[in-house]
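Participant:
In UniProt numbering, the protein residues as written are 1 to 301.
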């Protein structure tokens, strides 16, 4: 039986390291996919869940702004619906007439603090070849065999530790975005096209949502208790259809004083069809997630 040469051991160690790096990278990608799937899909609160103001809920309306539709396509009963708690919600007849295209946006919010995030990964391998010791081939073979077994066990242990760490990290991120505060009724709409540009939460916009983002704009004037810029909200059409969105813009075309949340298409579609029109939902604020998906929420503030 031939002894393994030091060069052979180094080559083996190199391939083990490459395999581990590839495995961890693949695990990272799966973790990001899991995270994005978690926040880009409607979630359920359970079959027996009941909305209560004690849990931070409030009823709101979600709508498609009128300028996107012909008047004869809007249902007459779309403005008078029962809210999710069983109370009758009525809205003035001129609500739809006051919804107009959002033209100007006032930058009335503080700009986000600049943050520089740098992440780097360096792998260093240092190995010193020990001088060959005198001894029989049998002793050399045993030593090489033990080294190979030890290297194999170490790589398996490191791989398992990395996988456990990733799993724990993903679970922590998924559990970090939680609802809080008082619930209230709101109106929701969806917006698209040029209205997505220049979100007013940034005086000098550095990002704009897309139709696939999970972001929203709130009534510009009169909603005195509206959530501030960059806050996260949970919106629920039913206990089984809930989404998280981030406040990034203001809605100048929304009726003054109304509790109106204008959603990106992706967020709205998780709650109802885009053809639904005026829709009332429950809203409450939520915590920030530990992990971050810029394509869904924009840059961190």
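Think of the CB as a built atom: it goes at the ideal place given N, C-alpha and C, for glycine as much as any other residue.
Everything numeric in this text was worked out from a predicted model, so none of it was measured.
If you reduce the DSSP assignment to three classes, tell me which class residue 51 lands in.
Facilitator: Note: residue 51 maps to coil in three-state DSSP.
Participant: Looking at the strands, I want to know which residues DSSP matches up with residue 219.
Facilitator: Looking at the DSSP assignment, residue 219 forms a beta bridge with 251.
Participant: In angstroms with no decimal places, state the Cα-to-Cα distance between residue 207 and residue 45.
Facilitator: Spanning the two alpha carbons is a distance of roughly 32 Å.
Participant: Under three-state DSSP, which class holds residue 271?
Facilitator: Here residue 271 sits in helix by DSSP.
Participant: If you compare alpha carbons, which of 299, 285, 55 is closest to residue 243?
Facilitator: Residue 243 has its Cα closest to that of 285, out of 299, 285, 55.
Participant: Would you please state the rounded distance, in angstroms, between the beta carbons of residue 235 and residue 271? I believe it to be under 8 Å.
Facilitator: 6 Å between Cβ atoms; contact.
Participant: Considering just the uninterrupted stretch of the alpha helix (DSSP H) at residue 295, what are its terminal residues?
Facilitator: Where residue 295 is concerned, the enclosing alpha helix (DSSP H) stretches over 294–297.
Participant: Among all the DSSP beta bridges, which residues are the ones paired with residue 180?
Facilitator: Beta-bridge pairing links residue 180 to 285.
Participant: DSSP beta-bridge partners for residue 309?
Facilitator: This structure cannot settle anything about residue 309, because the visible part of the chain is limited to 1 through 301.
Participant: In or out: residue 303 buried (at least 16 other Cβ within 10 Å) or exposed?
Facilitator: Because the chain in this structure spans residues 1 to 301, residue 303 falls outside the shown range and cannot be described.
Participant: Indicate whether residue 245 and residue 201 have their beta-carbon atoms separated by less than 7 Å.
Facilitator: No. Outside cutoff.
Participant: Look at the alpha carbon of residue 256 and the alpha carbon of residue 290, and state the distance between them as a whole number of angstroms.
Facilitator: Cα-Cα distance, rounded: 34 Å.
Participant: Taking just the CA atoms, how far does residue 52 sit from residue 212?
Facilitator: Taking the straight line joining both Cα atoms gives about 30 Å.
Participant: Return the residue from the list 276, 293, 56, 267 that minimises the CA-CA distance to residue 214.
Facilitator: It is 267.
Participant: What is the DSSP secondary structure of residue 195, reduced to helix, strand or coil?
Facilitator: If DSSP states are grouped into helix, strand and coil, residue 195 belongs with the helices.
Participant: Are residue 186 and residue 240 closer than 7 Å when you measure CB to CB?
Facilitator: Cβ distance not < 7 Å, so residue 186 and residue 240 don't count as in contact.
Participant: Use the C-beta contact count for residue 180: other C-beta atoms within 10 angstroms, 16 or more gives buried, fewer gives exposed.
Facilitator: Counting Cβ neighbours within 10 Å, residue 180 comes out exposed, since fewer than 16 surround it.
Participant: Below 8 Å on the Cβ atoms is my guess for residue 216 versus residue 262; work out the distance and round it to an integer in Å.
Facilitator: Confirmed, Cβ separation roughly 6 Å.
Participant: Buried or exposed: where does residue 250 fall if 16 or more other Cβ atoms within 10 Å of its Cβ makes it buried?
Facilitator: Classification of residue 250: buried, given that the 10 Å Cβ count is 16 or more.
Participant: Helix, strand or coil: which one does DSSP assign to residue 262?
Facilitator: Looking at residue 262 - three-state DSSP - the assignment turns out to be strand.
Participant: Roughly how many whole angstroms lie between the Cα atoms of residue 59 and residue 210?
Facilitator: Their Cα atoms are separated by approximately 26 Å.
Participant: How big is the Cα-Cα spacing for residue 269 and residue 237?
Facilitator: Roughly 11 Å between the two C-alpha positions.
Participant: Looking only at its chain, what residues have a beta carbon closer than 7 Å to the beta carbon of residue 205, apart from the 5 residues adjacent to it on each side?
Facilitator: Closer than 7 Å at the Cβ level, and outside the excluded window around residue 205, lie 198, 199.
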